[in-house]
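Q: For the sequence shown, our numbering gives the first residue as 2, with consecutive numbering after it. Take a look at the following structure, please.
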Amino acid sequence: MAEHARDDETLRAGIVGAGLMGRWHADAVARAGGAVVAVADVDAASAQRLAARHGGAVPYETLEAMLAQARLDVLHVCTPLGTHEAVALQGIGAGVNLLVEKPLAPSAAQARHLYEQAQARGVLLCPVLQFNFQDGVRRARAWWPRLGHLVHMEATVRSAGAAGKSDAQRDAILADVLPHPLSLIETFLPGGLSGGAGWHAAHPAPGELHAVGRAAGCALSIRISMNGRPTACAFQIVGTEGMIELNLFHGYAVFHPGAVSRARKVAAPFGQALRGLAAASLNLSRRAVRREPAYPGLRPLVRAFYGAVRTGGPAPLAPELVLAAAAERDRLVERAELLSHA
2 MAEHARDDET LRAGIVGAGL MGRWHADAVA RAGGAVVAVA DVDAASAQRL
52 AARHGGAVPY ETLEAMLAQA RLDVLHVCTP LGTHEAVALQ GIGAGVNLLV
102 EKPLAPSAAQ ARHLYEQAQA RGVLLCPVLQ FNFQDGVRRA RAWWPRLGHL
152 VHMEATVRSA GAAGKSDAQR DAILADVLPH PLSLIETFLP GGLSGGAGWH
202 AAHPAPGELH AVGRAAGCAL SIRISMNGRP TACAFQIVGT EGMIELNLFH
252 GYAVFHPGAV SRARKVAAPF GQALRGLAAA SLNLSRRAVR REPAYPGLRP
302 LVRAFYGAVR TGGPAPLAPE LVLAAAAERD RLVERAELLS HA
């Protein structure tokens, strides 16, 4: 089994995939007290550019060369989904701990296999589901008792990430987004997805999905659009005594009380707008101080993972949560026939 690093060690990180997410992962490594020592990408120029941003990092054109020559504690997998299983297995075989962009693997069965291999080798494995580590999600957990009886959870995503893509690519990107809302549902309702949510899914056009289901007596809704505008990434939690709104693009949450009266009904639009403005302004100030222009939640996730590597603790996302979300993703992909033409 791999031994965990000492608390006082600077963890040595490798990045495979030097694109946009590779750059943000490299930034998060530095913020977590680690050091990027190696970058691998089939595009040699991209690997060289990212390595140059992190003094001392060595660029490689292949993962095999990087694993053979660099001494790594953590490997960040920022490559396309179709490569995740093979890349992760190579990292596990080399005894390296792994942070893998979501989805962890193309299917729940493949994700389970990766966890089994990681456990056998004694290394940590974790997908990058950064929404779970945002300030807003933490606040939502603290506000949970104020909701009363849980009624409904709804995720809404409108993304420009598929602009200019083919119909099949729009559906594939949509499927890649699904772990985010599913992992949040499982976070707020632990075990709620274990028996399946009985999804009814509509796939009216490429890049469009509306799914409804249920878990633990709570209605669930997921709306994802690669075409609708303006862009949005939101999660609502509705109870009998109030509602929590999560802005996942920016990482903050707002609680709206549920008391009912004629006066409150008249004032509701103004109160909701003011609470939203206050939360957004405070959040923007915090992110400015942190110099966190994008991907809120990524840095805390990387810090938590690096802390687990140093101490030998568990990964910051439990395998049970990840696998429950992966199984539901499989069901939704099948029922909506998202990848039938990919």
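In this text, a Cβ means the ideal position worked out from N, Cα and C, and glycines have one as well.
So N284 is in the alpha helix (DSSP H); what residue range does that whole segment cover?
A: Position 283 of the sequence shown, counted from the start, is the residue given in the question as residue 284. 263-291 is the span of the alpha helix (DSSP H), which, as asked, contains N284.
Q: Throw me the rounded Cβ distance for the D172 and L340 pair, which I believe falls under 8 Å.
A: Residue 172 sits at position 171 when you count from the first residue of the sequence shown. Residue 340 sits at position 339 when you count from the first residue of the sequence shown. Confirmed, about 6 Å.
Q: Any contact between the stretch 80-88 and the stretch 101-119? By contact I mean 3 or more CB pairs, one from each, below 8 Å.
A: The stretch 80-88 is in contact with the stretch 101-119.
Q: Tell whether a beta-carbon distance below 9 Å holds between A66 and E187.
A: Position 65 of the sequence shown holds residue 66. Position 186 of the sequence shown holds residue 187. For A66 and E187, no; Cβs fall outside 9 Å.
Q: In the structure shown, what three-state DSSP assignment does P60 receive?
A: The count along the sequence shown starts at 1 and reaches residue 60 at position 59. In the structure shown, P60 sits in a strand (DSSP, three-state: E or B).
Q: In chain order, what are the residue ranges of uninterrupted alpha helix (DSSP H) at least 4 long that sit wholly in the stretch 68-119?
A: Counting whole runs of 4 or more residues, the stretch 68-119 contains the alpha helix (DSSP H) stretches 85-94.
Q: Distance, Cα to Cα, R230 vs R159?
A: Here residue 230 is taken as the residue at index 229 of the sequence shown, counted from 1. Here residue 159 is taken as the residue at index 158 of the sequence shown, counted from 1. Answer to the nearest angstrom: the Cα atoms are 6 Å apart.
Q: Could you tell me the alpha carbon to alpha carbon distance between V178 and A53, rounded to whole angstroms?
A: Here residue 178 refers to the residue found at position 177 when the sequence shown is read from its first residue. Here residue 53 refers to the residue found at position 52 when the sequence shown is read from its first residue. Distance between the alpha carbons of V178 and A53: 31 Å.
Q: Within the continuous beta strand (DSSP E) that includes V37, where are the two ends?
A: Against the sequence shown, residue 37 aligns to sequence position 36. V37 -> beta strand (DSSP E) spans 36-41.
Q: Which whole-angstrom value describes the C-beta separation of V37 and A58, a residue pair presumed to lie in contact below a C-beta threshold of 8 Å?
A: Locating residue 37 in the sequence shown gives position 36, where the first residue counts as 1. Locating residue 58 in the sequence shown gives position 57, where the first residue counts as 1. About 5 Å separates the two Cβ atoms, so the contact holds.
Q: Are Y1 and Q131 close, meaning C-beta to C-beta below 9 Å?
A: Residue coverage of the chain in this structure runs from 2 to 343, which leaves residue 1 outside it and unanswerable.
Q: Which residue from V30, P128, L185, A95 puts its Cα closest to that of R139?
A: Within the sequence shown, the letter at position 138 stands for residue 139. The shortest Cα separation from R139 among V30, P128, L185, A95 belongs to L185.
Q: In angstroms, rounded to a whole number, what distance separates the CA positions of H369 and P182?
A: Any question about residue 369 goes unanswered here, given that the chain covers just 2 to 343.
Q: For the beta strand (DSSP E) containing H55, list its first residue and its last residue.
A: On the sequence shown, position 54 is the one that residue 55 refers to. Where H55 is concerned, there is no enclosing beta strand (DSSP E), given that its DSSP letter is neither H nor E.
Q: Could you name the residues of the same chain whose beta carbon sits closer than 6 Å to that of P258, not counting the 5 residues immediately before and after it, in chain order?
A: Numbered from its first residue, the sequence shown carries residue 258 at position 257. Within the same chain, P258 has close Cβ partners G243.
Q: When the Cα atoms are used, what is the spatial distance from N284 to V290?
A: As a position in the sequence shown, residue 284 is number 283, starting the count at 1. As a position in the sequence shown, residue 290 is number 289, starting the count at 1. Using only the alpha carbons, I get a separation of about 10 Å.
Q: Name the one or two DSSP bridge partners that G214 has.
A: By 1-based counting over the sequence shown, the position of residue 214 is 213. Note: G214 sits in a beta bridge opposite L221.
Q: I'd like the span of the beta strand (DSSP E) that includes A202, first residue to last.
A: Residue 202 sits at position 201 when you count from the first residue of the sequence shown. 201-203 is the extent of the beta strand (DSSP E) around A202.
Q: Closest to M154 by CA distance: which of G193, N98, L275 is it?
A: Within the sequence shown, numbered from 1, the residue matching residue 154 stands at position 153. It is G193 whose Cα lies nearest to the Cα of M154.
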